[in-house]
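Reading through the structure tokens given below for one structure.
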Amino acid sequence: MADTLELDDIQHILLTRTPSLTGEYVFVSFRNPESGRAWLKGLAHTVRSAAEVQSSIASSQRWVTVAFTWNGLRALGLDDASLATFPDEFKQGMVARAEMLGDTGENHPDHWVGGLASPDLHAIAILFARDGAERARCLAEHDKLLAQSDGVEVLSSLELEATPPFDYAHDHFGYRDRISQPVMKGTGEEPTPGSGAPLEAGEFILGYPDEDGPPALQPQPEVLSRNGSYMAYRRLEEHVGAFRDFLRQHGQTPEEQELVAAKLMGRWRSGAPLVLAPNADDKALATDMQRNNDFNYKEMDPHGYASPLGSHCRRMNPRDTAANMNRRRMIRRGATYGPPLPETAPEDGVERGIAAFVICASLIRQFEFAQNVWINDKNFHELVNERDPIIGTQDGTLEFKIPKRPIRKKITGVPAFTTVRGGAYFFLPGLKALRYLCSLG
Amino acid sequence: MSANSTKADWSNPAAMALPKDGFFKLEQGRYGPIFPKTPANYGFTIIAKIKAGREAAIREYGKKIEDTIAGLPDGLAVLRLHYLRWVLFDIGGDTYFMYQGIFDTDFDKYTEDAVALFSKYGINTVFENLEGFPEDWKTNTPAFIKFVREHQRPSFLEYGEYPYVTAEEIKKALRLKDAFETMLDQMQ
Chain A
534 MADTLELDDI QHILLTRTPS LTGEYVFVSF RNPESGRAWL KGLAHTVRSA
584 AEVQSSIASS QRWVTVAFTW NGLRALGLDD ASLATFPDEF KQGMVARAEM
634 LGDTGENHPD HWVGGLASPD LHAIAILFAR DGAERARCLA EHDKLLAQSD
684 GVEVLSSLEL EATPPFDYAH DHFGYRDRIS QPVMKGTGEE PTPGSGAPLE
734 AGEFILGYPD EDGPPALQPQ PEVLSRNGSY MAYRRLEEHV GAFRDFLRQH
784 GQTPEEQELV AAKLMGRWRS GAPLVLAPNA DDKALATDMQ RNNDFNYKEM
834 DPHGYASPLG SHCRRMNPRD TAANMNRRRM IRRGATYGPP LPETAPEDGV
884 ERGIAAFVIC ASLIRQFEFA QNVWINDKNF HELVNERDPI IGTQDGTLEF
934 KIPKRPIRKK ITGVPAFTTV RGGAYFFLPG LKALRYLCSL G
Chain B
39 MSANSTKADW SNPAAMALPK DGFFKLEQGR YGPIFPKTPA NYGFTIIAKI
89 KAGREAAIRE YGKKIEDTIA GLPDGLAVLR LHYLRWVLFD IGGDTYFMYQ
139 GIFDTDFDKY TEDAVALFSK YGINTVFENL EGFPEDWKTN TPAFIKFVRE
189 HQRPSFLEYG EYPYVTAEEI KKALRLKDAF ETMLDQMQ
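Protein sequences appear in the order of chains A and B. Read in order, the letters of the first sequence are residues 534 to 974 in our numbering. Read in order, the letters of the second sequence are residues 39 to 226 in our numbering.
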């Protein structure tokens with residue numbers, strides 16, 4: 534088996550970030566296998582490989598991704614023997630794993646929207662478009678396809694919109710995104726300083742050696758799993774009003790409020806890491822990809838005086854303070870949704886947030902570990918009574934400690950700044966696998 | 039963590055009786071229900087029959103692990119251990135192996151790290167001498183976990199003289215004591 538990445542078979546989302554400012558996620562259910570396959574046939578020609586997207590990115594207007602739940606693969610007519618070869622966590626789906634993931638209380642699947650908690654959720658079509666006109670055109674095309682296949686039901690869809698200003702990617706809280714991302718071998722991509730050496734492709738793509746050795750336990754047949762991956766979808770509502778109230782409550786001046794925001798994240802909202810800029814924001818550092826990820830924790834900030842031990846970045850990527858980091862990395866894709874809340878406006882109750890995908894070769898070892906241990910273990914780094922302050926399960930009873938000399942600052946009663954509004958586990962097949970699925974039955 | 043264990047006061051020795059199946063309530067971890075925390079913290083007692091004629095090989099391995107740890111004192115740090123005990127004993131004509139550990143995190147959380155250590159330090163060599171241990175354990179973490187869970191024998195009682203204290207806290211306290219004593223010595 535050649536270890537060269539088959540870029541012409543891998544769906545582009547695994548390897549490429551597209552210059553899209555808008556998009557739409559469409560969640561569908563198949564009433565019968567024939568309709569599902571007809572829908573997939575109608576859509577498959579729009580799904581592009583990593584190689585194709587990389588060579589056409591400047592001239593392309595839209596980028597399409599298709600992925601399936603385990604129930605969806607069954608609904609397409611995949612046989613039981615093949616279905617049985619998928620890992621248990623994928624078969625069970627995100628809803629069944631809710632307690633372990635921390636999706637309890639307000640985050641519980643009982644409260645999810647858009648039919649995402651339903652076993653009838655079979656597939657997602659992800660559209661990213663350069664602008665609103667292109668999105669409208671693509672959705673009209675998709676509507677035509679749906680009109681032809683009456684056995685395919687749209688459970689819900691979600692409109693994505695970048696939040697202004699558009700010159701850099703950031704969430705509704707204002708944090709810059711897309712700074713730290715693992716690089717895999719065979720892509721030719723050079724990791725930025727501090728990002729670690731390129732990882733074996735098998736950490737993210739099925740059919741390739743991973744950091745532990747040759748591929749094992751891959752779903753069968755090989756044509757289905759090779760060049761595929763898993764995606765954990767998370768629709769996270771961001772409570773911008775509550776977040777800003779919190780900053781005002783814990784910071785007297787705008788500068789102090791920025792520092793509180795930075796302490797929660799581990800980076801200033803500009804993106805500058807606290808380990809390298811502990812006292813004041815540094816916008817030049819924030820945008821300098823040669824420097825903005827070039828730090829560690831064990832030697833440079835062992836006690837968390839710069840970046841608190843429980844800060845979001847420190848939990849999601851503990852760098853040199855966790856074992857086997859190479860087996861825990863993930864690729865993140867996604868976008869923001871909902872209207873931005875103007876800086877001076879009070880909370881308007883409109884849902885806004887991030888709708889993100891975590892892509893990895895093993896949901897249980899990568900995504901679920903991060904969710905269960907890094908994000909929601911109250912005793913991570915011996916913190917005793919904390920969870921991730923941005924995306925952890927918060928019920929107002931936990932705290933956030935900010936190490937400081939001479940004495941630390943302890944914030945009690947941390948509110949939930951985010952709520953899980955939906956989620957699902959998807960299998961992201963390669964292009965040949967999509968054709969294989971089309972040919973079933 | 040069970041509801042009984044939320045009050046953590048190291049100065050009050052505590053005992054806890056456990057239900058027969060080992061769980062107060064079924065709290066799901068990634069690989070199955072999470073074993074409860076007791077005054078003796080988290081832990082496991084894995085008991086399995088050894089393959090016939092393998093006793094010498096297992097005993098020989100004790101020395102090898104001693105040497106490994108001597109060379110790499112923080113080799114097992116990730117497991118957050120207090121103590122490990124490795125015991126061989128006979129029932130009738132069969133020899134059984136018991137692997138008992140006391141540690142500070144529920145085993146489910148750091149399962150893959152533990153599997154990685156097994157192969158890194160050759161601990162698997164002992165387990166491969168046990169009946170029923172999956173031959174493909176290195177590439178089949180779920181099968182490895184299944185073996186461990188199937189051979190776990192829950193305690194019916196656990197006791198802690200200084201309950202719920204982590205190894206990290208103990209080491210911190212001892213470091214502080216050392217530093218204090220050094221300071222006193224230097225003031226002579």
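All C-beta atoms in this analysis are idealised placements derived from N, C-alpha and C, irrespective of residue type, glycine included. Predicted model, so just to flag it, every value in this text is computed and none were measured.
Practice prompt. Please name the residues in the region 895-929 of chain A whose beta-carbon is closer than 8 Å to at least one beta-carbon of chain B, in chain order.
Written response: Per Cβ criterion, the list reads Ile897, Arg898, Glu901, Phe902, Asn905, Val906, Asp910, Asn912 and Glu915.
Practice prompt. Tell me, please, whether the CB atom of A:Asn857 is closer than 8 Å to any CB atom in chain B?
Written response: Position 324 of the first sequence holds residue 857 of chain A. The beta carbon of A:Asn857 sits closer than 8 Å to some beta carbon of chain B.
Fill in: Whole-angstrom distance between A:Arg866 and A:Arg550, CA atom to CA atom
The residue labelled residue 550 of chain A in the question sits at position 17 within the first sequence. The residue labelled residue 866 of chain A in the question sits at position 333 within the first sequence. Cα to Cα, A:Arg550 sits roughly 8 Å from A:Arg866.
Worksheet item: With DSSP run on the structure shown, which of helix, strand or coil describes A:Ser728?
Response: Taking the first sequence and counting its residues from 1, one reaches residue 728 of chain A at position 195. Three-state result, A:Ser728: coil.
Worksheet item: Any residues in the region 606-634 of chain A with a beta carbon nearer than 8 Å to a beta carbon of chain B? Which ones, in chain order?
Response: Taking 8 Å as the Cβ-Cβ cut-off against chain B, the residues of the region 606-634 of chain A that qualify are Pro620, Asp621, Glu622, Arg630, Glu632 and Met633.
Worksheet item: A:Asp827 to A:Pro726, Cα distance in whole Å?
Response: Start at 1 with the first residue of the first sequence, and residue 827 of chain A comes out as number 294. Start at 1 with the first residue of the first sequence, and residue 726 of chain A comes out as number 193. Rounded to whole angstroms, A:Asp827 to A:Pro726 spans 5 Å at the Cα level.
Discussion item. Under 8 Å, Cβ to Cβ, is there at least one residue of chain B near A:Ala749?
Written reply: Here residue 749 of chain A refers to the residue found at position 216 when the first sequence is read from its first residue. The beta-carbon of A:Ala749 is placed less than 8 Å from the nearest beta-carbon of chain B.
Discussion item. Does chain B have any CB closer than 8 Å to the CB of A:Tyr860?
Written reply: Position 327 of the first sequence, counted from the start, is the residue given in the question as residue 860 of chain A. The question names Tyr, yet the displayed sequence has Arg at residue 860 of chain A. Answer yes: the Cβ-Cβ gap between A:Arg860 and chain B drops below 8 Å somewhere.
Worksheet item: Since A:Met633 is in the alpha helix (DSSP H), which residue starts that stretch and which ends it?
Response: Working through the first sequence from its first residue, we reach residue 633 of chain A at position 100. From DSSP, the alpha helix (DSSP H) with A:Met633 extends over Ala631 to Leu634.
Worksheet item: Apart from the five residues just before and just after B:Met39, which ones in its own chain have a Cβ nearer than 6 Å to its Cβ?
Response: Mapped onto the second sequence, residue 39 of chain B falls at position 1. Caution applies to B:Met39, whose pLDDT of 40 falls short of 50 and renders its modelled position unreliable; the model cannot decide the point.
Practice prompt. Starting from the Cα of A:Tyr558, find the closest Cα among A:Asp636, A:Val687 and A:Ala583 and give me that residue.
Written response: What you label residue 558 of chain A is simply residue 25 of the first sequence in a count that begins at 1. The candidate whose alpha carbon is nearest that of A:Tyr558 is A:Val687.
Worksheet item: Based on the DSSP output, what are the partners of A:Phe890 in its beta bridges?
Response: Translated into positions along the first sequence, residue 890 of chain A becomes position 357. Answer is A:Tyr766 and A:Arg866.
Practice prompt. Give the single residue among B:Thr220, B:Asn162, B:Thr177 and B:Lys176 whose Cα lies nearest to the Cα of B:Ala95.
Written response: Looking up residue 95 of chain B in the second sequence gives position 57. Of the listed residues, the one whose Cα sits closest to B:Ala95 is B:Asn162.
Discussion item. One question on the structure: do A:Leu691 and A:Arg768 come within less than 8 Å of each other, judged by their Cβ atoms?
Written reply: Taking the first residue of the first sequence as position 1, residue 691 of chain A is located at position 158. Taking the first residue of the first sequence as position 1, residue 768 of chain A is located at position 235. Taking 8 Å as the Cβ cut-off, A:Leu691 and A:Arg768 qualify as a contacting pair.
Discussion item. Any beta carbon of chain B sitting closer than 8 Å to that of A:Gly746?
Written reply: The residue you call residue 746 of chain A lines up with position 213 of the first sequence. Put simply, the CB of A:Gly746 is near chain B, with a gap under 8 Å to one of its CB atoms.
Worksheet item: Can you list, in chain order, the stretches of the beta strand (DSSP E) that have 3 or more residues and sit fully within the region 557-628 of chain A?
Response: Restricting attention to beta strand (DSSP E) runs no shorter than 3 residues, the region 557-628 of chain A encloses them at 595-601, ordered along the chain.
Worksheet item: At a CB-CB cut-off below 8 Å, which residues of chain A make contact with B:Ala154?
Response: As a position in the second sequence, residue 154 of chain B is number 116, starting the count at 1. Simply Asp745, Ala856, Asn857 and Arg860.
Worksheet item: Quick one: what's got a C-beta closer than 7 Å to A:Pro642's C-beta in the same chain, skipping five residues either side?
Response: Along the first sequence, one-based indexing puts residue 642 of chain A at 109. Within the same chain, A:Pro642 has close Cβ partners Val628, Ala631, Asp636 and Ala650.
Worksheet entry | Cutoff 8 Å: B:Val116 Cβ touching any chain A Cβ | Locating residue 116 of chain B in the second sequence gives position 78, where the first residue counts as 1. In terms of beta-carbon proximity, B:Val116 lines the interface with chain A, with at least one pair separated by less than 8 Å.
Worksheet item: According to the neighbour-count rule (16 or more other Cβ atoms, all chains shown, within 10 Å of its Cβ), is A:Ala934 buried or exposed?
Response: Within the first sequence, the letter at position 401 stands for residue 934 of chain A. The sequence given here places Lys at residue 934 of chain A; Ala does not occur at that position. By the neighbour-count rule (16 or more Cβ atoms within 10 Å), A:Lys934 is buried.
Practice prompt. Specify, as a first and last residue, the run of the beta strand (DSSP E) that A:Ser689 falls within.
Written response: Here the question's residue 689 of chain A lines up with position 156 in the first sequence. Val685 to Glu694 is the span of the beta strand (DSSP E), which, as asked, contains A:Ser689.
Discussion item. Please list, in chain order, the chain A residues whose beta carbon lies closer than 7 Å to that of B:Glu166.
Written reply: As a first step, residue 166 of chain B is located in the second sequence; it is residue number 128 there, counting from the start. For B:Glu166, none of the residues of chain A pass the 7 Å Cβ criterion, the least Cβ distance being about 17 Å.
Worksheet item: Would A:Asp910 be called buried (16 or more neighbouring beta carbons within 10 Å of its own) or exposed?
Response: Position 377 of the first sequence, counting from 1, holds the residue named residue 910 of chain A. Here A:Asp910 is buried: its Cβ has 16 or more other Cβ atoms, across all protein chains shown, within 10 Å.
Worksheet item: By Cβ distance, which residues of its chain are closer than 7 Å to A:Asp664, with the 5 residues on each side in sequence left out?
Response: Taking the first sequence and counting its residues from 1, the one referred to as residue 664 of chain A is at position 131. Close CB contacts of A:Asp664 within its chain, under the 7 Å cut and outside five residues either way in sequence, are with Leu554 and Thr555 (chain order).
Discussion item. Once DSSP output is grouped into helix, strand and coil, what is the label at B:Tyr121?
Written reply: To locate residue 121 of chain B, count along the second sequence from 1; it is residue 83. It is a strand residue.
Worksheet entry | Buried or exposed (CB count within 10 angstroms, at least 16 for buried), A:Met534 | Position 1 of the first sequence holds residue 534 of chain A. Annotation note: pLDDT 40 at A:Met534 (below 50); position unreliable, coordinate value reported separately. Classification for A:Met534: exposed.
Worksheet entry | A:Gly940, buried or exposed, once every other Cβ within 10 Å from all chains shown has been counted against 16 | In the first sequence, the residue the question calls residue 940 of chain A occupies position 407. Per the sequence shown, the amino acid found at residue 940 of chain A is Ile instead of Gly. A:Ile940 counts as exposed, since fewer than 16 other beta carbons sit within 10 angstroms of its beta carbon.
Worksheet item: Would you call the CB atoms of B:Val164 and B:Ile84 closer than 8 Å?
Response: What you label residue 164 of chain B is simply residue 126 of the second sequence in a count that begins at 1. What you label residue 84 of chain B is simply residue 46 of the second sequence in a count that begins at 1. B:Ile84 is positioned such that its CB atom lies no closer than 8 Å to that of B:Val164.
Discussion item. Would the region 817-825 of chain A count as touching the region 725-739 of chain A if we require 3 or more Cβ pairs under 8 Å?
Written reply: By the Cβ criterion, the region 817-825 of chain A is in contact with the region 725-739 of chain A, since at least three pairs of Cβ atoms, one from each stretch, lie closer than 8 Å.
Practice prompt. Spell out a yes or no on whether the region 126-142 of chain B and the region 86-93 of chain B are touching, meaning 3 or more CB-CB pairs, one atom from each, closer than 8 Å.
Written response: Touching, yes, given that three or more Cβ pairs across the two stretches are closer than 8 Å.
Discussion item. Quick check: is the beta carbon of B:Thr163 nearer than 8 Å to any beta carbon in chain A?
Written reply: Mapped onto the second sequence, residue 163 of chain B falls at position 125. B:Thr163 does not count as touching chain A.
Practice prompt. List the endpoints of the continuous alpha helix (DSSP H) containing A:Ala817.
Written response: Indexing the first sequence from 1 puts residue 817 of chain A at position 284. Where A:Ala817 is concerned, the enclosing alpha helix (DSSP H) stretches over Lys816 to Thr820.
Discussion item. So B:Lys147 contacts chain A; which residues on that side make the cut at Cβ distance below 9 Å?
Written reply: Against the second sequence, residue 147 of chain B aligns to sequence position 109. Residues of chain A passing the Cβ test: Phe902, Asn905, Val906 and Asp910.
Practice prompt. Put B:Thr83 into one of helix, strand or coil per three-state DSSP.
Written response: Against the second sequence, residue 83 of chain B aligns to sequence position 45. Strand at B:Thr83.
Worksheet item: Under a three-way DSSP split, which group does B:Pro201 fall into?
Response: The count along the second sequence starts at 1 and reaches residue 201 of chain B at position 163. Correct three-state label for B:Pro201: coil.
Fill in: Residue from B:Phe127, B:Ala52, B:Gly81 and B:Phe156 with nearest C-alpha to B:Arg191
Sequence index remark: in the second sequence, residue 191 of chain B carries index 153 (1-based). If we check each option's Cα against that of B:Arg191, B:Gly81 comes out closest.
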